[in-house]
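Novice: Got a structure for you, questions after.
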Amino acid sequence: MNNVLSRTTRRHFRGKIRRLFSEKSASRTERYPIDDILASELERTTEAVSFVLPEQMCEDFMDEGFVFIRDGKIYAYKNKCVHVTLPLDLDDSDFFSEEKDVLVCKAHGATYAPTTGVCLSGPPKCKGRRLARLRVEREGDELVLVSHH
Ligand code: FES
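This is the structure:
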């Protein structure tokens with residue numbers, strides 16, 4: 001009995017390790033240049049700029065991200081509220097509050113911390129949740145979206 005159990009356990013872990021290994025070896029990094037937004041232009045504004053996500057990164061019909069710079073650091077998120085499947089800006093490309101200190105969802109007014117994406121206020125289903133972060137890097141004056149598959 002002991003032998004059977006340990007063989008089953010061994011098989012279980014062998015399968016798990018194999019799956020982990022194949023997932024790891026299958027993962028790869030893709031880099032997508034973001035057209036039409038230059039890093040030097042982004043540095044000169046307190047606004048965020050939206051861009052279309054590559055097809056591989058689109059879920060449902062939410063196919064946009066937005067990017068901005070704060071204190072020299074690049075931040076980017078999916079243009080999607082955590083509350084309902086709606087774009088934060090409701091397609092008007094205005095992501096920040098008037099004071100430019102928080103990101104605002106135009107649908108029901110949830111606010112998000114720009115540097116963490118954490119929801120600070122809004123409907124109960126939003127509070128404490130986070131916007132989906134995107135990794136955007138600078139290559140000279142170009143911006144590149146980095147994705148791990
Ligand atoms: S859809 Fe964003 S706060 Fe409700």
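Residue numbers (the working numbering): 1 to 149. Glycine residues also receive a C-beta, built at the ideal position from the N, C-alpha and C atoms. A quick note: this is a predicted structure, and the numbers were derived from the prediction, not measured.
1. What does the alpha-carbon distance come out to for the pair valine 144 and alanine 113?
2. What is the rounded straight-line gap between the Cα of cysteine 58 and the Cα of arginine 44?
3. Quick one: what's arginine 130 bridged to in DSSP?
4. Please report the straight-line C-alpha distance between glutamate 47 and arginine 129, rounded to a whole angstrom.
5. Taking Cβ to Cβ, would you say aspartate 141 is nearer than 8 Å to serine 50?
6. Tell me the rounded alpha-carbon separation between serine 27 and glutamine 56.
7. Which two residues bound the contiguous beta strand (DSSP E) that contains leucine 145?
8. Looking only at C-alpha atoms, which of Thr111, Asp91, Pro87 and Leu90 sits nearest to glutamate 98?
9. CB-CB under 6 Å to lysine 125, same chain, minus the five flanking residues each way: which ones, in chain order?
10. State the CB to CB distance for the pair aspartate 60 and threonine 85, rounded to an integer number of angstroms; the pair is presumed to be in contact (CB under 8 Å).
11. Quick one: what does DSSP say asparagine 2 is sitting in, helix, strand or coil?
Specialist: Let's see:
1. Straight-line Cα distance between these residues: approximately 23 Å.
2. So the two alpha carbons sit approximately 29 Å from each other.
3. Val118, per the DSSP bridge assignment.
4. Their Cα atoms are separated by approximately 23 Å.
5. Their beta carbons are not under 8 Å apart, which means aspartate 141 does not touch serine 50 by this criterion.
6. Straight across, the Cα-Cα distance linking serine 27 with glutamine 56 is about 14 Å.
7. Per DSSP, leucine 145 belongs to the beta strand (DSSP E) from 142-148.
8. Per the Cα distances, Thr111.
9. For lysine 125, where only same-chain residues beyond five positions count, the Cβ hits under 6 Å are His83.
10. Rounded, the Cβ-Cβ distance is 6 Å, consistent with contact.
11. In this prediction, asparagine 2 has a pLDDT of 48, which is less than 50 and means its spatial position is unreliable; what the coordinates show is noted afterwards. In this structure, DSSP gives asparagine 2 a helical state, which the three-state scheme calls helix.
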